[in-house]
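Engineer:
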Amino acid sequence: MSEKMKLIQRVLIIKLRHHGDTLLITPVINTLKANFPNAKVDILINKETMPMIEHFSSIHHIFVLDKAWKNEGKLARLRHEWKLITDLRNQQYDVVINLADQWNSAIITRFTGAKIRVGYDIYKRQSPIWKKCFTHLIPLGSVDNKHIVEQNLALLQPLQLPKIDTQVSMAYSHQDKHIVTEKLKAHKVLGSYIVIQPTSRWFFKCWDESKWSKLIDALEQEGNQIVLTSGPDPREQEMVETIIKGCTSNSVVSLSGQLSLPQLAALIDNARLFIGVDSVPMHMAAALKTPLIALFGPSKLFHWSPWKHIGEVLWAGNYGELPDPDDVNTNTETRYLSLIPVEDVLNAVRGQLK
1 MSEKMKLIQR VLIIKLRHHG DTLLITPVIN TLKANFPNAK VDILINKETM PMIEHFSSIH
61 HIFVLDKAWK NEGKLARLRH EWKLITDLRN QQYDVVINLA DQWNSAIITR FTGAKIRVGY
121 DIYKRQSPIW KKCFTHLIPL GSVDNKHIVE QNLALLQPLQ LPKIDTQVSM AYSHQDKHIV
181 TEKLKAHKVL GSYIVIQPTS RWFFKCWDES KWSKLIDALE QEGNQIVLTS GPDPREQEMV
241 ETIIKGCTSN SVVSLSGQLS LPQLAALIDN ARLFIGVDSV PMHMAAALKT PLIALFGPSK
301 LFHWSPWKHI GEVLWAGNYG ELPDPDDVNT NTETRYLSLI PVEDVLNAVR GQLK
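Here it is in structure tokens:
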């Protein structure tokens with residue numbers, strides 16, 4: 001590392017995407033702190049994704065873009081955005097790592113005035129304006145077939161860091177753990193349990209409700225306590241209700257829609273096993289080193305598989321044909337995971353519970 005790099009004191013990381021994307025930037029934060037332990041690392045993310053990293057102690061400050069600003073009118077939105085840009089510029093960052101591909105992220109990067117500004121060289125962003133926003137561009141094509149964690153870490157190449165920390169980190173508070181413990185006590189869950197999150201905000205990533213019911217029945221007959229979870233979306237909660245109605249057992253515990261993401265992390269962290277689909281909770285389980293069984297359909301497995309996980313991934317493509325991930329209509333009601341048999345999931349679970 002050069003003497004110039006050793007002087008780095010203030011760093012900004014930008015990622016304006018979804019919850020899972022936000023969680024998977026934590027190896028970048030971990031790597032920066034490993035190399036610059038005294039540096040202050042700030043984050044700019046979409047406000048709704050803040051629960052993914054709000055308890056992560058390695059972050060100095062979290063700045064947010066709030067989608068609700070759009071509802072306040074153009075002038076109000078511009079005032080919010082100008083204040084954000086001004087606040088960021090006043091931090092006098094040494095380095096900005098832009099992990100996003102949106103124009104607003106590039107413009108914000110440029111306006112910070114940081115001496116080192118790193119972003120992706122993307123085929124759809126070949127404008128001279130995009131290029132002028134950065135001092136270093138990493139060709140996305142060079143890492144396009146790698147996991148998102150590896151893509152994120154690739155943007156640190158210009159810093160020539162001797163230490164790379166690839167660990168994804170999911171944090172929660174003592175209060176989160178207490179709340180979860182009390183909810184479990186209320187349902188008389190005092191021993192070990194398995195968390196099942198059958199839902200995703202995209203239903204094409206989901207397995208059949210009837211198959212979940214059969215799996216739960218089999219697991220409960222073998223003496224396992226099941227705790228079902230989901231996001232707050234009414235459609236997700238309805239899916240969980242349908243699954244419970246399809247079960248012959250009446251001992252299934254549902255915390256569907258009742259937990260914040262950090263609380264869900266506390267629940268998963270203390271579980272014997274996590275079972276779910278390609279979703280944020282799956283990435284949380286992998287980060288928390290909770291053994292998992294993940295069901296995957298037509299997603300880019302090499303991008304989105306659970307990172308450094310304990311457990312097994314069952315891909316529907318091993319049981320039949322799937323559409324190309326780039327051709328999937330994300331609003332379709334088709335359940336591509338239907339190809340995965342209950343017996344194979346049950347055997348995978350048994351393998352992890354040995």
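The numbers in the working numbering rise by one with no breaks, and the one at position 191 of the sequence shown is 191.
The beta carbon of each residue, even a glycine, is placed where N, CA and C say it ideally should be.
All of these numbers come straight from a predicted model, not from anything done at the bench.
(1) So the candidates are N35, Q221 and D94; which of them puts its Cα closest to the Cα of V252?
(2) Between the beta-carbon of S338 and the beta-carbon of D217, is there less than 8 Å?
(3) Using the C-alpha atoms, what's the distance from S254 back to P198?
(4) Tell me I45's beta-bridge partners as DSSP assigns them.
(5) Out of D121, T49, W212 and N329, state which residue places its alpha-carbon closest to the alpha-carbon of E241.
(6) Output yes or no for whether 8 Å exceeds the beta carbon distance between V328 and P298.
(7) What are the start and end residues of each continuous alpha helix (DSSP H) run of 4 or more residues lying completely inside the segment 189 to 225, in chain order?
(8) Which of the three DSSP states, helix, strand or coil, is assigned to W315?
(9) State the start and end residues of the unbroken alpha helix (DSSP H) segment that holds V168.
(10) Note down the Cα distance separating L99 from T22, rounded to an integer number of angstroms.
(11) Bridge partners for D121 per DSSP, in chain order?
(12) In angstroms, rounded to a whole number, what distance separates the CA positions of S29 and K245?
(13) Roughly how many angstroms separate the alpha carbons of M170 and A154, rounded to a whole number?
(14) Taking F111 as part of the alpha helix (DSSP H), name the residues at either end of that continuous run.
(15) Mind the definition here: the segment 106 to 117 touches the segment 125 to 137 only if three or more C-beta pairs lie below 8 Å; say whether that holds.
(16) If you run the structure through DSSP and keep just helix, strand and coil, what is F296?
(17) Who are the near neighbours of I275 in its chain, counting only those whose CB is closer than 6 Å to its CB and skipping five residues on each side?
(18) Any chance the segment 176 to 183 sits against the segment 302 to 321, with 3 or more Cβ pairs inside 8 Å?
Structural biologist: The relevant details are as follows:
(1) Q221
(2) no
(3) 12 Å
(4) K15 and V64
(5) W212
(6) yes
(7) 209 to 221
(8) strand
(9) Premise fails: V168 is in no alpha helix (DSSP H) and is neither H nor E.
(10) 10 Å
(11) P139
(12) Reading the sequence as shown, one finds Ile at residue 29 and not Ser. Rounded to whole angstroms, I29 to K245 spans 43 Å at the Cα level.
(13) 21 Å
(14) W103 to T112
(15) yes
(16) strand
(17) I196 and I293
(18) no
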